[in-house]
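Be aware that the sequence shown starts at 1, since it is given in the UniProt record's numbering, and climbs by one per residue. See below for the structure under consideration.
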Amino acid sequence: MTAYTPDELNAIASAPMTVGMAVAIADMGIISSAIEAVALTKEIVGAGKKYPNNSIVQSVFSEAVLASGKIQRKKPDFKPEDIESGAFVTKAIASVDLALAAIGDKATPAEITEFKQFVYACAEAVASAAGSGLFGSGDPKISPAEASALSKIKAGLSI
């Protein structure tokens with residue numbers, strides 16, 4: 001497995017969390033936010049099994065690493081003005097850029113592409129977790145605000 005510094009590991013770990021939170025913030029609701037948080041957690045916890053040959057994912061999201069507590073996953077720092085201005089998506093993309101800079105040349109281009117796909121899958125999981133209506137059970141699952149955030153994130157990831 002590739003050796004990353006603690007700061008690099010934290011940068012890589014922050015990217016999917018920040019992207020997922022950005023999509024959740026795009027269209028917040030009390031119940032839907034809880035459902036979306038569960039969806040994001042499932043995507044992150046399942047990453048090690050979903051990407052068994054990806055050195056980036058294995059370095060940060062394997063079951064052993066997640067269980068070890070070595071990586072400090074911090075809640076993304078979004079301020080109320082970020083929500084009002086829409087800057088949360090820009091911050092999420094900046095988080096991905098930091099992760100990619102941390103990865104640098106320590107992974108193959110194919111692994112980096114797969115990591116980007118994983119990050120986007122986290123955003124999609126959040127967006128499709130809860131719909132409108134009572135307890136997030138309505139359709140459509142992906143609101144226009146979430147679709148806009150997904151589009152910006154996808155462009156930021158260049159996938």
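Backbone N, C-alpha and C fix where the C-beta goes; we use that ideal spot for every residue, glycine too.
Item: Reduced DSSP secondary structure (H/G/I, E/B, other) of I159; Value: coil
Item: Contact between the region 36-47 and the region 117-132 (3+ Cβ pairs under 8 Å); Value: yes
Item: Buried or exposed (CB count within 10 angstroms, at least 16 for buried), residue 228; Value: Because residue 228 is not part of the residues shown, which for the chain are 1 to 159, the question remains open.
Item: Whole-angstrom distance between A11 and S151, CA atom to CA atom; Value: 22 Å
Item: Sequence-distant residues of the same chain with beta carbon closer than 7 Å to Y51, five excluded per side; Value: V57, E114, F118
Item: Inter-residue spacing [alpha-carbon to alpha-carbon] between I96 and A67; Value: Correcting the residue type first, residue 96 is Val in the shown sequence and not Ile. Rounded to the nearest angstrom, the two C-alpha atoms are 23 Å apart.
Item: Closest Cα partner of F88 within the set E63, G156, L9; Value: G156
Item: Buried or exposed (CB count within 10 angstroms, at least 16 for buried), D105; Value: exposed
Item: Proximity below 8 Å, CB of A130 to CB of S32; Value: yes
Item: Check whether V19 and A102 have beta carbons under 8 Å apart; Value: no
Item: A3 beta carbon less than 8 Å from that of A149; Value: no
Item: Distance CB(residue 216)-CB(L9) smaller than 8 Å; Value: This structure does not reach residue 216, given that the chain is present from 1 up to 159, and the question cannot be answered.
Item: Beta-carbon proximity of G48 to E63, cut-off 8 Å; Value: yes
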